[in-house]
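> Numbering follows the UniProt record's numbering, in which position 16 of the sequence shown is assigned residue number 16; successive positions increment by one, without gaps.
Just so you know, even glycine gets a beta-carbon here, dropped at the ideal spot from N, CA and C.
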Amino acid sequence: MKLKSVWKFIRYQRSYIIMCFACYSLAMAVSYADPGFNYKWDTYLYGLGLLALLITAFFAYRYVRETRSIALLREEEGEPMTLEGEACQDELHRMETEHIRKLNEVNERGLESYRFMVSWFHEIKTPIAVLRLIQQTDPRAADMDEELSRIEHYVDQALYHAKLDSFYQDYDIVSCDLEQLVKNMVKQHAKTFIAKKIKLALQIESAAVQSDPKWLSFVLQQLITNSLKYTDTGGVMSVTASETASEIRLTVRDNGAGIDPKDLPRIFNRGFTGENGRVYGKSTGMGLYLAQELCAKLGHYLTCQSEKGSYTEMTIHFPRNHDPYLDAMRIQEKSREH
1 MKLKSVWKFI RYQRSYIIMC FACYSLAMAV SYADPGFNYK WDTYLYGLGL LALLITAFFA
61 YRYVRETRSI ALLREEEGEP MTLEGEACQD ELHRMETEHI RKLNEVNERG LESYRFMVSW
121 FHEIKTPIAV LRLIQQTDPR AADMDEELSR IEHYVDQALY HAKLDSFYQD YDIVSCDLEQ
181 LVKNMVKQHA KTFIAKKIKL ALQIESAAVQ SDPKWLSFVL QQLITNSLKY TDTGGVMSVT
241 ASETASEIRL TVRDNGAGID PKDLPRIFNR GFTGENGRVY GKSTGMGLYL AQELCAKLGH
301 YLTCQSEKGS YTEMTIHFPR NHDPYLDAMR IQEKSREH
């Protein structure tokens, strides 16, 4: 290692070494050109040897001094060597401290905003529940059902979006019965199925996956809600489960409006409504985005196949070789390290 550093030093100083020998050679050449100069090779070689010795001693001293300075700088971890450097470093430390303080303030404000939003979402559900009770008991309020359902849906969307960043603080990975989850979601939308006379075909049987039932139910709700929204009266919806060696798939299919081919690659983008959103209206473009984000955090993923004016098929994929609980633990450990 030392030989390598010595060689590096010599290469770095080679221009000075060459200059010293060039000056000596020039002096000897001028002396040799003088007719009155009694030139002897022994004297030339003696002078050359003496010069080489002096150069070696000088650069050896330079090498030792510079290596010690470098070692000292490393030990002091970059401590400034001048007053200007010290002032610059003090300013950098001050700026860094100020930056960290402002970041902490921003994070604190964000946390306060998050807490307020979550609290508001839970509070707003109370008057919604009261209105729902009135709607169910008072025949004059029958027309409120659709609007109340829409309000509940948007509140749930906003709540889940607010909780998205803190997902791993509120999850519980268990074995989920897909058939039961789907039936619960269908039951919640029973009035819409009846009002629009949409036929439903369930082919799920006993399929169990590792997931969080609350978050997975929200994903299912998005898919079923979209399917009901974009399927005309008298349409057909099917929910089927299938298995392969590598995964379990849950597919929601309808014979509704379908999706324009140019919109298909962007349906999972935040805020994207597409042509259907403009035609049918009252679309936030957040439903499928949230569904895909939640699936990713759960270790699942969504795909879509559609033909405009014919059908739409949304599929949740549950890979068998994927353990969402272990992935969540790894992510939590990484967040603690940072």
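Would the beta-carbon of Y311 fall within 7 Å of that of N255?
Yes, Cβ-Cβ distance for Y311 and N255 is below 7 Å.
> Using only the alpha-carbon positions, how far apart do H189 and A195 sit?
Distance between the alpha carbons of H189 and A195 is about 10 Å.
> For T273 and T284, I'd like the C-alpha separation in whole angstroms.
So the two alpha carbons sit approximately 7 Å from each other.
> A190 lies in the beta strand (DSSP E); which residues open and close that run?
Run containing A190: none in the beta strand (DSSP E); it sits in the alpha helix (DSSP H), 190-195.
> Rounded to whole angstroms, what's the CA-CA distance from L302 to Q292? Just pull it up for me.
Roughly 6 Å separates the two Cα atoms.
> Can you tell me whether K102 is buried or exposed? The criterion is at least 16 other CB atoms within 10 Å of its CB, across all chains shown.
By the neighbour-count rule (16 or more Cβ atoms within 10 Å), K102 is not buried but exposed.
> Please classify C88: is it buried, with 16 or more other beta-carbons within 10 angstroms of its beta-carbon, or exposed?
Per the 10 Å Cβ criterion, exposed.
> Would you mind reading off the limits of the alpha helix (DSSP H) that contains F272?
Per DSSP, F272 belongs to no alpha helix (DSSP H) and is neither H nor E.
> Under 7 Å, do L228 and A241 count as touching if we go by C-beta distance?
No. Outside cutoff.
> Measuring alpha carbon to alpha carbon, tell me which residue in K191, E205, G47 is nearest T225.
Closest option to T225, Cα to Cα, is K191.
> Between D172, L51, D212, which lies nearest to F21 when the distance is taken from Cα to Cα?
For the residues D172, L51, D212, the minimum Cα distance to F21 belongs to L51.
> Compare the C-alpha of D43 against each of A57, F59, S25, G235 and name the closest.
The sequence shown places Thr at residue 43, not Asp. Nearest option by C-alpha distance: S25.
> Suppose you measure from the CA of S69 to the CA of Y63; what does that come to, to the nearest Å?
Approximately 10 Å, taken between the alpha carbons.
> Name the DSSP bridge partner or partners of Y311?
BP columns for Y311 point to E307.
> For the segment 172-184 and the segment 201-216, state whether three or more C-beta atom pairs, one from each stretch, are separated by less than 8 Å.
Yes: at least three Cβ pairs fall under 8 Å.
> Can you check the segment 186-261 for any beta strand (DSSP E) of at least 3 residues that lies completely inside it and give the ranges in chain order?
Entirely contained in the segment 186-261, the beta strand (DSSP E) runs reaching 3 residues are, in chain order, 199-203, 208-211, 236-243, 247-254.
> Considering only the alpha carbon of each residue, which of C295, N107, Q305 lies closest to P319?
Selected option, being the one with the closest Cα: C295.
> Taking only beta-carbon atoms, is G235 less than 7 Å away from chain D?
Among the chains in the structure shown there is no chain D, since it carries only a single protein chain.
> Comparing C-alpha positions only, which one of H153, I10, A208, H161 sits nearest to A57?
Among H153, I10, A208, H161, the Cα nearest to that of A57 belongs to I10.
> In its own chain, which residues sit with a C-beta less than 7 Å from the C-beta of L220, not counting the 5 before and 5 after it?
Only L181, V182, M185 meet the Cβ criterion.
> Between R270 and Y289, is the Cβ-Cβ spacing less than 7 Å?
Yes, they are a contact pair.
> So is L223 buried or exposed if we call it buried at 16+ other beta carbons inside 10 Å?
Its Cβ being crowded by 16 or more others within 10 Å, L223 is buried.
> Nearest to E307 by CA position, among H317, K297, T315, L264, is which residue?
That would be L264, whose Cα lies nearest to the Cα of E307.
> Is it right to say V252 is buried, meaning 16 or more other beta carbons lie within 10 angstroms of its own, or is it exposed?
With 16 or more other Cβ atoms within 10 Å, it is buried.
> Name the DSSP beta bridge partners of residue 360, please?
Residue 360 falls outside the range modelled here, since the chain spans only 1 to 338, and no answer is possible.
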